[in-house]
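Student:
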Amino acid sequence: MSHPLWSGDFYNEGTGKDDIFDTLKEECGVFGVYGHSDAASLSYYGLHSLQHRGEESCGMCVADGKEFNYHRGMGLVKEVFDKERMASLVGNMSIGHVRYSTSGDSRLANAQPLIFKYRDGDLAIATNGNIVNAPQIRHELEQSGSIFQTTSDTEVVAHLIARSSKDVVEAAKDALARIVGGYAFLIMTNDKLLVASDPHGLRPITMGKLGESYIFSSESCALETIGAELLRDIQPGELLVLDKDGLKEDRYTEPQRKALCAMEYIYFARPDSDLNGSNLHASRKRMGSRMALEAFVDADIVTGVPDSSISAAIGYAEQTGIPYELGLIKNKYTGRTFIQPSQELREKGVKMKLSAVRGVVEGQRVVMIDDSIVRGTTCLRIVNLLREAGATEVHVRITSPPFKNPCYYGIDTPDRKELIASNKTVEEICREINADSLAFLSPEGLISAVGGDNASDPSGGLCLACFNNDYPTTLDFDGEEKAGCGC
Ligand code: AMP
Ligand code: SF4
1 MSHPLWSGDF YNEGTGKDDI FDTLKEECGV FGVYGHSDAA SLSYYGLHSL
51 QHRGEESCGM CVADGKEFNY HRGMGLVKEV FDKERMASLV GNMSIGHVRY
101 STSGDSRLAN AQPLIFKYRD GDLAIATNGN IVNAPQIRHE LEQSGSIFQT
151 TSDTEVVAHL IARSSKDVVE AAKDALARIV GGYAFLIMTN DKLLVASDPH
201 GLRPITMGKL GESYIFSSES CALETIGAEL LRDIQPGELL VLDKDGLKED
251 RYTEPQRKAL CAMEYIYFAR PDSDLNGSNL HASRKRMGSR MALEAFVDAD
301 IVTGVPDSSI SAAIGYAEQT GIPYELGLIK NKYTGRTFIQ PSQELREKGV
351 KMKLSAVRGV VEGQRVVMID DSIVRGTTCL RIVNLLREAG ATEVHVRITS
401 PPFKNPCYYG IDTPDRKELI ASNKTVEEIC REINADSLAF LSPEGLISAV
451 GGDNASDPSG GLCLACFNND YPTTLDFDGE EKAGCGC
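Counted from 1, the sequence shown has number 162 at position 162 by full-length UniProt numbering; the numbering is strictly sequential.
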C-alpha cells in the first residue's frame, strides 16, 4: 500500500510538536537491500534476525523507482508485518529498522525509517547510533527557520541534506562531515541507496551480496539468514553509493582511530555474527578463558547467564576443567529486562525471565559468568536465585571491565550516579550483589580476546570509553552534548 507523503519538509505519522521534549533511550538495528525484486521479504527476514537489537518498534520503506511504499509499527517484526502488508511493499530497494526503547515513551512517532519529502523527491533514513552534537545543530537549524517534528537525530541529518543546494550524495557528505558521534546510516532516495559509518566505526555495519544484490546489515547474522555472503564491514568514514551505475565506494572523511563499540562484543551482538572478521561466540569463549586465567576460583560447576554469557562460560569451563552446566534457564517468551521502565519492574522482569535449575545447582559451589554489571540489580537477583536454589557458594565473574561511564554513541546507559562501578569498589559491589567473590575482566584481557591489535593502538581498535573514560570523539559542545541513543 502506498501512503501519500506530506507535502512539506517531511511526513512522519503520529508526530507532534510536543515530542521535541521527549528523551529517547534505545539501541537499534538497520537492514538495507539494493537491487532485489523482493526487497521487502529479504528485509523482513533480515530485520527478524536483528530483533534482539530492538523489540519496541520496527519499520521498512521500499522504493520501486517511482514512489516509496512503507510501513512502521509498534512491536516485533512478526507482529507488525502481516501477509497483506508485505504484499503491498513492492520495490527492489529498501531500508528497514528495529528500535529498542528502554523508557516509557513507546510511540509510533519514533519508529523508523523516517520518511521525508524534499526538493528532489522522497528521502528515507534509518540509523543506529547517536549524534553527540545533535542539540547544537538542531538549535542552529531552528534559528534559521527549520521546524522539527521528531526528537530523532535522524531528522537533523535530513534537514541538513534538504537545505543543501547540492545533489543528495554531496549533500549527505556535507551533512555527515558536520555531525559528531557513533552511527551507521542507511539513506534512500527514489533511485539511490547511501550507506555510511562514522569516522571511528563505532557502530557496526556490514555489507553482503546475494546474487547481484547488495545487502547491508548491523550484524552479519542477518546476512546468513537470507543466504547472503558476507563481503566486509563498512569502514570508518566510508560512504557507499548504490544506483543504476552500480556500487561506488566513496568516503566523506578520512578514517580516524578505529573504535568499534566493545559492548557489541561483550553483550549486544548475536553469537553467530562476525565482528571485524571474528565470530562472536569464539570471541566470547576467549573472554571466558582469559577470565579464568586472570581470576581463577575453585568450584564445582560453571554456569553462564543466558543468552549472552553462555559462550564465555563455556570458555571459562574449558580453561579450568570445571564442568559447564545449565544452572540458569531463560524463559524465551519475555523481553529483555531493560525493557521494563522502572527499577521495581526491572527487578520483577528478571525473575520472570530467568530460573535457577535446582537439580543442577543444589549443594554446588557455582561460578556464575555474566557479561556486564551496569546498575547491579540483575546480578543481585541472579545470585539470589542461585542461592535460593541451593548453591552453597556463588562466585561472579564478569567478562568486561567495570562499567563506569555513560555512553554517548547509541547505547542506553543510566546516569553516572546509577552506574554501580562508578561509585563503588569491587569489594563493595561484591557485597552489594551478595556474591562470595567477584572479578572483572581486565581491558587488556578483553582486547586480546577479541583479537584487537594492542601493539599499534592501546585500545586495540575498540571503544572502551564506558570502562576507561577515553571517548574517541570530542564531547565538548557547550554542555549540550547528548548521551544515549538518538535513533
Ligand atoms: P544491571 O546491572 O542490573 O543494570 O544489568 C546488567 C545486565 O543488563 C547485563 O548483564 C546485560 O545482560 C544487560 N545490559 C548491559 N548493558 C545493557 C544496555 N545498555 N541495555 C540493555 N541491557 C544491558
Ligand atoms: Fe560502546 Fe561503551 Fe563506547 Fe558506548 S562508550 S560505544 S557502550 S564501548
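Think of the CB as a built atom: it goes at the ideal place given N, C-alpha and C, for glycine as much as any other residue.
Ignoring anything shorter than 4 residues or poking outside the stretch 219-245, list the alpha helix (DSSP H) runs there in chain order.
Tutor: The stretch 219-245 contains these whole alpha helix (DSSP H) runs: 221-225.
Student: If you draw a straight line from the alpha carbon of residue 37 to that of residue 255, how long is it in whole angstroms?
Tutor: One-based indexing of the sequence shown puts residue 37 at position 37. One-based indexing of the sequence shown puts residue 255 at position 255. Straight-line Cα distance between these residues: approximately 34 Å.
Student: Looking at residue 273 and residue 220, is the spacing between their C-beta atoms short of 9 Å?
Tutor: For the purposes of this step, residue 220 is taken as residue 220 along the sequence shown, with counting starting at 1. For the purposes of this step, residue 273 is taken as residue 273 along the sequence shown, with counting starting at 1. Result yes, Cβ atoms of residue 220 and residue 273 sit closer than 9 Å.
Student: Note down, one range per segment and in chain order, each beta strand (DSSP E) of at least 3 residues found wholly within the stretch 145-229.
Tutor: If we require 3 residues or more, the beta strand (DSSP E) runs fully inside the stretch 145-229 come out as 181-188, 193-197, 206-210 and 213-217.
Student: Roughly how many angstroms lie between the CA atoms of residue 421 and residue 80, to the nearest whole one?
Tutor: In the sequence shown, counting from the first residue as 1, residue 421 sits at position 421. In the sequence shown, counting from the first residue as 1, residue 80 sits at position 80. Distance between the alpha carbons of residue 421 and residue 80 is about 39 Å.
Student: What is the rounded straight-line gap between the Cα of residue 236 and the Cα of residue 432?
Tutor: To locate residue 236, count along the sequence shown from 1; it is residue 236. To locate residue 432, count along the sequence shown from 1; it is residue 432. Each residue's Cα considered, the two are about 40 Å apart.
Student: According to DSSP, simplified to helix, strand and coil, what is residue 288?
Tutor: Numbered from 1 along the sequence shown, position 288 holds the residue referred to as residue 288. Correct three-state label for residue 288: helix.
Student: Examine the Cβ distances between the stretch 133-145 and the stretch 59-75 and report whether three or more of them are shorter than 8 Å.
Tutor: The stretch 133-145 is not in contact with the stretch 59-75.
Student: Look at the alpha carbon of residue 157 and the alpha carbon of residue 178, and state the distance between them as a whole number of angstroms.
Tutor: In the sequence shown, residue 157 corresponds to position 157, counting from 1. In the sequence shown, residue 178 corresponds to position 178, counting from 1. For residue 157 and residue 178, the distance between alpha carbons rounds to 9 Å.
Student: Quick check: the Cα distance between residue 436 and residue 271, rounded to an integer number of angstroms?
Tutor: Along the sequence shown, read from residue 1 onward, the residue named residue 436 stands at position 436. Along the sequence shown, read from residue 1 onward, the residue named residue 271 stands at position 271. Approximately 29 Å between the Cα atoms of the pair.
Student: Compute the beta-carbon to beta-carbon distance between residue 410 and residue 252, rounded to the nearest angstrom, for a pair I have assumed lies under 8 Å.
Tutor: Position 410 of the sequence shown, counting from 1, holds the residue named residue 410. Position 252 of the sequence shown, counting from 1, holds the residue named residue 252. In fact, because the Cβ distance is near 19 Å, the residues do not count as touching under 8 Å.
Student: Using a Cβ-Cβ cutoff of less than 7 Å, which residues in the same chain neighbour residue 449 once the five nearest sequence positions on both sides are dropped?
Tutor: Here residue 449 refers to the residue found at position 449 of the sequence shown. Taken in chain order, the residues that qualify are 283, 286, 287 and 290.
Student: Since I believe residue 86 is in contact with residue 44 (beta carbons under 8 Å), could you give me their beta-carbon distance rounded to a whole number of angstroms?
Tutor: For the purposes of this step, residue 44 is identified with residue 44 of the sequence shown, where counting begins at 1. For the purposes of this step, residue 86 is identified with residue 86 of the sequence shown, where counting begins at 1. Sure, about 6 Å apart at Cβ, within 8 Å.
Student: Looking at the unbroken beta strand (DSSP E) that takes in residue 466, where does it start and where does it end?
Tutor: Taking the sequence shown and counting its residues from 1, one reaches residue 466 at position 466. Run containing residue 466: none in the beta strand (DSSP E); it sits in the alpha helix (DSSP H), 465-468.
Student: Confirm the yes/no value for this check: CB of residue 261, any heavy atom of the ligand SF4, distance under 8 Å.
Tutor: Numbered from 1 along the sequence shown, position 261 holds the residue referred to as residue 261. At least one heavy atom of the ligand SF4 is nearer than 8 Å to the Cβ of residue 261, so yes.
Student: Would you call the CB atoms of residue 368 and residue 305 closer than 9 Å?
Tutor: The residue you call residue 368 lines up with position 368 of the sequence shown. The residue you call residue 305 lines up with position 305 of the sequence shown. Result yes, Cβ atoms of residue 368 and residue 305 sit closer than 9 Å.
Student: In the DSSP assignment, find the beta strand (DSSP E) that holds residue 29 and state where it starts and stops.
Tutor: The residue labelled residue 29 in the question sits at position 29 within the sequence shown. Element bounds for residue 29: 26-34.
Student: Using the three-state DSSP reduction, which class does residue 88 fall into: helix, strand or coil?
Tutor: The residue given as residue 88 occupies position 88 in the sequence shown. Residue state, collapsed to three classes: helix.
Student: Comparing alpha-carbon positions, which option in 187, 199, 202 and 176 lies nearest residue 216?
Tutor: Sequence index remark: in the sequence shown, residue 216 carries index 216 (1-based). For residue 216, the nearest C-alpha among the options comes from 187.
Student: Give the straight-line distance between the Cα atoms of residue 461 and residue 263, rounded to the nearest whole angstrom.
Tutor: Taking the first residue of the sequence shown as 1, we reach residue 461 at position 461. Taking the first residue of the sequence shown as 1, we reach residue 263 at position 263. Approximately 13 Å, taken between the alpha carbons.
Student: Is residue 239 near the ligand ADP, judged by its Cβ being under 8 Å from some heavy atom?
Tutor: Annotation note on the ligand ADP: not contained in the displayed structure, which lists the ligand AMP and the ligand SF4 as its ligands.
Student: Taking only three categories from DSSP, how would you classify residue 337?
Tutor: The count along the sequence shown starts at 1 and reaches residue 337 at position 337. Its pLDDT being 45, under 50, residue 337 is placed unreliably in this model, and the value from its coordinates should be taken loosely. Helix, per DSSP.
Student: Does DSSP classify residue 132 as helix, strand or coil?
Tutor: The residue given as residue 132 occupies position 132 in the sequence shown. Correct three-state label for residue 132: coil.
Student: What three-state label does DSSP hand residue 441 in the structure shown?
Tutor: Within the sequence shown, the letter at position 441 stands for residue 441. In this structure, residue 441 counts as coil in the three-state DSSP scheme.
Student: Have a look at residue 218 and residue 363 and give me their C-alpha separation to the nearest angstrom.
Tutor: In the sequence shown, the residue the question calls residue 218 occupies position 218. In the sequence shown, the residue the question calls residue 363 occupies position 363. Rounded to the nearest angstrom, the two C-alpha atoms are 43 Å apart.
Student: The ligand AMP heavy atoms versus the CB of residue 80: any closer than 8 Å?
Tutor: For the purposes of this step, residue 80 is taken as the residue at position 80 of the sequence shown. Checking the Cβ of residue 80 against the ligand AMP gives no.
Student: Thinking C-alpha only, which one of 200, 120, 151 and 198 is nearest residue 168?
Tutor: By one-based count along the sequence shown, residue 168 stands at place 168. For the residues 200, 120, 151 and 198, the minimum Cα distance to residue 168 belongs to 120.
Student: Give me the DSSP bridge partner(s) of residue 60.
Tutor: Mapped onto the sequence shown, residue 60 falls at position 60. Partner(s): 71 and 96.
Student: DSSP three-state label for residue 393, please.
Tutor: The sequence position of residue 393 within the sequence shown is 393, counting from 1. The answer is strand: DSSP assigns residue 393 an E or B state.
Student: Rounded to whole angstroms, what's the CA-CA distance from residue 125 to residue 416? Just pull it up for me.
Tutor: Numbered from 1 along the sequence shown, position 125 holds the residue referred to as residue 125. Numbered from 1 along the sequence shown, position 416 holds the residue referred to as residue 416. Cα-Cα distance, rounded: 31 Å.
Student: Among residues of its own chain, excluding the 5 on either side of residue 202, which ones have a beta-carbon nearer than 6 Å to its beta-carbon?
Tutor: Stepping through the sequence shown from its first residue, residue 202 is reached at position 202. The answer, listed in chain order, is 182, 259, 261, 409 and 463.
Student: Give a yes or no on whether the C-beta atoms belonging to residue 301 and residue 396 are separated by under 9 Å.
Tutor: Taking the first residue of the sequence shown as 1, we reach residue 301 at position 301. Taking the first residue of the sequence shown as 1, we reach residue 396 at position 396. No. Outside cutoff.
Student: Going by other Cβ atoms of all chains shown within 10 Å of its Cβ, with 16 needed for buried, is residue 165 buried or exposed?
Tutor: As a working mapping, residue 165 is identified with position 165 in the sequence shown. Its Cβ having fewer than 16 others within 10 Å, residue 165 is exposed.
Student: For the putative contact between residue 28 and residue 111, defined by C-beta atoms under 8 Å, what is the C-beta separation to the nearest angstrom?
Tutor: Position 28 of the sequence shown, counted from the start, is the residue given in the question as residue 28. Position 111 of the sequence shown, counted from the start, is the residue given in the question as residue 111. In fact, because the Cβ distance is near 10 Å, the residues do not count as touching under 8 Å.
Student: Among the residues of its own chain, which have a CB less than 6 Å from the CB of residue 389, if the five just before and after it don't count?
Tutor: Position 389 of the sequence shown, counting from 1, holds the residue named residue 389. Contacts found: 356, 358 and 361.
Student: Let me check understanding here. Comparing Cα to Cα, which of 386, 393 and 373 lies closest to residue 467?
Tutor: For the purposes of this step, residue 467 is taken as residue 467 along the sequence shown, with counting starting at 1. Residue 373 is the option with its Cα nearest to residue 467.
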